[in-house]
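Undergrad: The following block contains the structure, expressed as structure tokens.
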Amino acid sequence: MSKSFSPVLTLQDILKFRLANKNPVSALEDINFQLDSGKILGILGPNGAGKTTLLKCLCTLIIPDKGSIVIDHYLANTPADKIKSLFGFVDNEERSFYWRLSGIQNLEFFAAMYGLTPKQTKLRINELLSIFDINYIHKRFDTYSSGMKRKLSLLRAIIHRPKILLVDELTKSLDFDTSMSLYKFIKDLSANKTTIILTSHNIPEAENLCDTFMFLKSGKIAALGSIDTLHQNLKNADASLTDIYKTVMKNA
Amino acid sequence: MLRKIFALLKKDFLMESSYKLAFIMNIFSVCASLLIYFFINKLFGNNMNKYLEEFGVNYFSYVLLSMAFFSYIGVGIGSFSSRIRFEQLQGTLESLLLTPTKTEIILLSMTIWNIIFATIDVLIYFLFGLFLFKINFSNINLISTFAALILTIISFSSLGILSASFILIYKRGNPTAWLISTLEGVVGGVYFPISVLPGYLQIIAHCLPVTYAIRAIELAVYQGYSIFQLKNELLFLLIFSIVLCPLSLKAFKKAIYIACCRGSLTQY
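Chains as they are written, first to last, in the working numbering: chain A, 1 to 252; chain B, 253 to 520.
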């Protein structure tokens, strides 16, 4: 990874235990990486590899047992307001909105919590609605389909123009057209220097979008780097990301 | 800060008003409980009068005021934990803590909402008392009533925040709320003056803030006692507030920290 830029994210020796039947199991172990501004990192790995835990550690929802996370020069050991406003997080849970409120009421509420004025909120919501072609924003959240909820989750995550966007399972529950417009949106965000970290089980999707890839297995980094670096490591310049995934997971 | 508090209150209002029947049912509940005590008073009221001499009212007037006032105490204790529990179940606790919003702002907005909600209850009690049961509130000392009210809200909101801290960590099982709700009904002087109780229970009663809160409000409203005349009760509540308010805030922050360390914010 290039050292010429000041990294927006630095993770060093991150260790997180998870208690399973009172026996601690490493959810994350020896996680070390740096990420420059405007890059898109794809985290790939099987279920339970620690992808969501890593995203939550980054945005201060989970505090690691050991190690340090530096975000834009701020240490993230304790949840701090300054750090929180740098992040937007698209959770893969449908539970995270007020179901008896409409989509727009939810967005207005979270926008206020991110410190936007009512005028800024209105402009931003209109801008986002036109990008994603959403016409159900005034309906109650509990009437939404999974895909509609997912879109609203994305809108909430970017409403305050975060510097770092974390997306857990990018196109989960989304239809083809929405996925395509989301890919374009993610690329545009990256071009505007937003750093993006996404998890995905869709390897071609990650290959299309990401600059850098992290393969996680049982909480450990099995491989990390750009497609060229991964080709070099495997000594196979023609390998697709799917081939790399299979080889890395087999050898890890 | 004000914008965030307003947004939190607006969200609570929109949520609450989406349950349209709840408000009407609440009025019926107040009315039903008042009728129960009205008829208890009719049956046994005369036997209670000797215990109520210092308050200068009959049993029904005493219990109406203590129940009305208890809205602030009950809502203060119970609603913080139930609101945190609701946010856990809804999954919104994590989303809320993801935003750059200080814990103090979240708790302050909850306190303001509790006060608004309890005040509606109190108004219903007072309207019934004034117009239906013709209770005389003309002796009220507004300054001492207000002082007792403020100190009670701070004390019991602090207890409520403390109990919400347990919910953050243990999800269910709330020893603070259990202890208070069990003790207050029996020995706190809400449903009858503590002078009815045997001596050893009166000693326990004098250790509870609810006893001082109820006594202060009864004497301020019905006998017009001044702040000076209520100095013992108010001083106890003041000490309780000074000790408990920062303690509960610290406990709540610590509970969030523990939940973040365990990664259990979304668990319920």
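For every residue, glycine included, the Cβ atom is placed at its ideal position computed from N, Cα and C.
Computed from a prediction, not measured in an experiment: that's the story for all the values here.
Kindly list, in the order they appear in chain A, the residues whose Cβ is closer than 7 Å to that of A259(B).
TA: Counting from 1 along the second sequence, the entry for residue 259(B) is found at position 7. Those are F109, A112 and M113, listed as they occur along chain A.
Undergrad: Keeping to the same chain, check which residues put their C-beta closer than 6 Å to that of G308(B); ignore five residues upstream and five downstream.
TA: The count along the second sequence starts at 1 and reaches residue 308(B) at position 56. Closer than 6 Å at Cβ, skipping near neighbours: Y474 and Q475.
Undergrad: Taking 8 Å as the CB-CB limit, is R335(B) close to chain A?
TA: Stepping through the second sequence from its first residue, residue 335(B) is reached at position 83. R335(B) does not count as touching chain A.
Undergrad: For N251(A), which residues from the same chain have a beta carbon less than 7 Å from its beta carbon, with the 5 sequence-adjacent residues on both sides left out?
TA: The residue given as residue 251(A) occupies position 251 in the first sequence. Excluding positions up to five away in sequence, the list is empty.
Undergrad: Just checking, does the region 77 to 97 of chain A make contact with the region 335 to 354 of chain B on the three C-beta pairs under 8 Å criterion?
TA: yes
Undergrad: Using a Cβ-Cβ distance cut-off of 8 Å, determine whether K172(A) contacts chain B.
TA: Taking the first sequence and counting its residues from 1, one reaches residue 172(A) at position 172. K172(A) does not count as touching chain B.
Undergrad: At the level of alpha carbons, what is the spacing between F5(A) and L152(A)?
TA: Start at 1 with the first residue of the first sequence, and residue 5(A) comes out as number 5. Start at 1 with the first residue of the first sequence, and residue 152(A) comes out as number 152. Here F5(A) scores only 49 on pLDDT, less than 50, and its place in the model should not be relied on; the value that follows carries that caveat. Our two residues, F5(A) and L152(A), have alpha carbons roughly 33 Å apart in a direct line.
Undergrad: Run down chain B in chain order and give the residues with a C-beta less than 9 Å from the C-beta of F97(A).
TA: As a working mapping, residue 97(A) is identified with position 97 in the first sequence. Those are Q342, G343, T344 and S347, listed as they occur along chain B.
Undergrad: Verify whether the separation of the beta carbon atoms of G326(B) and I62(A) is less than 8 Å.
TA: Walking along the second sequence from the start, residue 326(B) turns up at place 74. Walking along the first sequence from the start, residue 62(A) turns up at place 62. Against a cut-off of 8 Å, the Cβ pair of I62(A) and G326(B) comes out as no contact.
Undergrad: Quick one: residues in its chain with C-beta nearer than 7 Å to the C-beta of I479(B), no 5 flanking neighbours on either side, listed in chain order?
TA: Taking the second sequence and counting its residues from 1, one reaches residue 479(B) at position 227. Result list for I479(B): I395, S396, A399 and L486, in chain order.
Undergrad: For the candidate residues F109(A), S85(A), L107(A) and W99(A), whose alpha-carbon lies nearest to that of L350(B)?
TA: Position 98 of the second sequence, counted from the start, is the residue given in the question as residue 350(B). It is S85(A) whose Cα lies nearest to the Cα of L350(B).
Undergrad: Is T371(B) helix, strand or coil when you go by DSSP?
TA: Translated into the one-based positions of the second sequence, residue 371(B) becomes position 119. T371(B) falls in the helix class under three-state DSSP.
Undergrad: Does Y136(A) come out as helix, strand or coil in the three-state DSSP assignment?
TA: On the first sequence, position 136 is the one that residue 136(A) refers to. Three-state result, Y136(A): coil.
Undergrad: On the DSSP bridge list, what partners appear for L266(B)?
TA: Indexing the second sequence from 1 puts residue 266(B) at position 14. Its beta-bridge partners do not exist; DSSP assigns none.
Undergrad: Confirm, please, whether the CB-CB distance from I14(A) to C57(A) is below 8 Å.
TA: In the first sequence, the residue the question calls residue 57(A) occupies position 57. In the first sequence, the residue the question calls residue 14(A) occupies position 14. The Cβ-Cβ distance between C57(A) and I14(A) falls below 8 Å.
Undergrad: Using three-state DSSP, classify Q12(A) as helix, strand or coil.
TA: Residue mapping note: residue 12(A) aligns to position 12 of the first sequence, counting from 1. Collapsing the DSSP output to three states places Q12(A) in a strand.
Undergrad: Using DSSP bridges, identify the partner residues of V70(A).
TA: Stepping through the first sequence from its first residue, residue 70(A) is reached at position 70. In DSSP, V70(A) forms a bridge with T10(A) and L75(A).
Undergrad: Nearest CA to the CA of L166(A): which residue from P64(A), G67(A) and L155(A)?
TA: For the purposes of this step, residue 166(A) is identified with residue 166 of the first sequence, where counting begins at 1. With distances taken between Cα atoms, L166(A) lies closest to L155(A).
Undergrad: If the criterion is Cβ atoms closer than 8 Å, does the pair I456(B) and V439(B) meet it?
TA: Against the second sequence, residue 456(B) aligns to sequence position 204. Against the second sequence, residue 439(B) aligns to sequence position 187. Yes, Cβ-Cβ distance for I456(B) and V439(B) is below 8 Å.
Undergrad: For the region 265 to 281 of chain B, enumerate the residues whose C-beta is nearer than 7 Å to any C-beta of chain A, in chain order.
TA: L266, M267 and S270
Undergrad: For G42(A), which residues does DSSP report across the bridge?
TA: Within the first sequence, the letter at position 42 stands for residue 42(A). The partner list for G42(A) (beta bridge, DSSP) reads L198(A) and F213(A).
Undergrad: Check the Cβ of K263(B) against every Cβ in chain A and list those closer than 8 Å, keeping chain order.
TA: Within the second sequence, the letter at position 11 stands for residue 263(B). Near K263(B) (Cβ distances below 8 Å), the residues of chain A are Y98, L101, Q105 and F109.
Undergrad: What beta strand (DSSP E) runs, 3 residues minimum, are completely inside the region 271 to 305 of chain B?
TA: Taking 3 residues as the minimum length, the region 271 to 305 of chain B contains no beta strand (DSSP E) run wholly inside it.
Undergrad: Tell me the residue span of the alpha helix (DSSP H) that contains F307(B).
TA: Numbered from 1 along the second sequence, position 55 holds the residue referred to as residue 307(B). First-last for F307(B): undefined, no H or E at that position.
Undergrad: For Y377(B) versus V315(B), is the C-beta spacing smaller than 8 Å?
TA: For this step, residue 377(B) is matched to residue 125 along the second sequence. For this step, residue 315(B) is matched to residue 63 along the second sequence. Their beta carbons are not under 8 Å apart, which means Y377(B) does not touch V315(B) by this criterion.
Undergrad: Using a Cβ-Cβ cutoff of less than 8 Å, which residues in the same chain neighbour Y98(A) once the five nearest sequence positions on both sides are dropped?
TA: The residue labelled residue 98(A) in the question sits at position 98 within the first sequence. Taken in chain order, the residues that qualify are Q105, N106, F109 and F141.
Undergrad: Measure the C-alpha to C-alpha separation of Q34(A) and K187(A) and round it to an integer number of angstroms.
TA: As a first step, residue 34(A) is located in the first sequence; it is residue number 34 there, counting from the start. As a first step, residue 187(A) is located in the first sequence; it is residue number 187 there, counting from the start. Near 20 Å, if we compare the C-alpha coordinates of K187(A) and Q34(A).
Undergrad: Return the CA-CA distance between K256(B) and M113(A), expressed in angstroms with no decimal places.
TA: Residue 256(B) sits at position 4 when you count from the first residue of the second sequence. Residue 113(A) sits at position 113 when you count from the first residue of the first sequence. Whole-angstrom Cα-Cα distance: 6 Å.
Undergrad: Helix, strand or coil for G225(A) per DSSP?
TA: Here residue 225(A) refers to the residue found at position 225 of the first sequence. Three-state DSSP puts G225(A) in a strand.
Undergrad: Would you tell me roughly how many angstroms separate the C-alpha atoms of S390(B) and I402(B), rounded to the nearest one?
TA: Reading the second sequence from its first residue, position 138 is the one you call residue 390(B). Reading the second sequence from its first residue, position 150 is the one you call residue 402(B). When rounded, the distance between both Cα atoms is 21 Å.
Undergrad: Leaving out five residues on either side along the sequence, give the residues of the same chain with a beta carbon under 7 Å from the beta carbon of I421(B).
TA: Along the second sequence, read from residue 1 onward, the residue named residue 421(B) stands at position 169. Correct list, in chain order: A507, I510 and A511.
Undergrad: Just to confirm before moving on: does the CB-CB distance between L317(B) and E436(B) stay below 8 Å?
TA: Counted from its first residue, the second sequence places residue 317(B) at position 65. Counted from its first residue, the second sequence places residue 436(B) at position 184. Their beta carbons are not under 8 Å apart, which means L317(B) does not touch E436(B) by this criterion.
Undergrad: Within 10 angstroms of its Cβ, does S240(A) collect 16 or more other Cβ (buried), or is it exposed?
TA: For the purposes of this step, residue 240(A) is identified with residue 240 of the first sequence, where counting begins at 1. Exposed.
Undergrad: Determine the extent of the alpha helix (DSSP H) in which V90(A) is found, giving its start and end residues.
TA: Position 90 of the first sequence holds residue 90(A). It is not in any alpha helix (DSSP H) - V90(A) instead sits in the beta strand (DSSP E) that spans F87 to V90.
Undergrad: Just how far apart, CA to CA, sit I419(B) and I244(A)?
TA: Counted from its first residue, the second sequence places residue 419(B) at position 167. Counted from its first residue, the first sequence places residue 244(A) at position 244. Roughly 45 Å separates the two Cα atoms.
Undergrad: What span of residues does the beta strand (DSSP E) with I164(A) cover, start to end?
TA: For the purposes of this step, residue 164(A) is taken as the residue at position 164 of the first sequence. First-last of the beta strand (DSSP E) with I164(A): I164 to V167.
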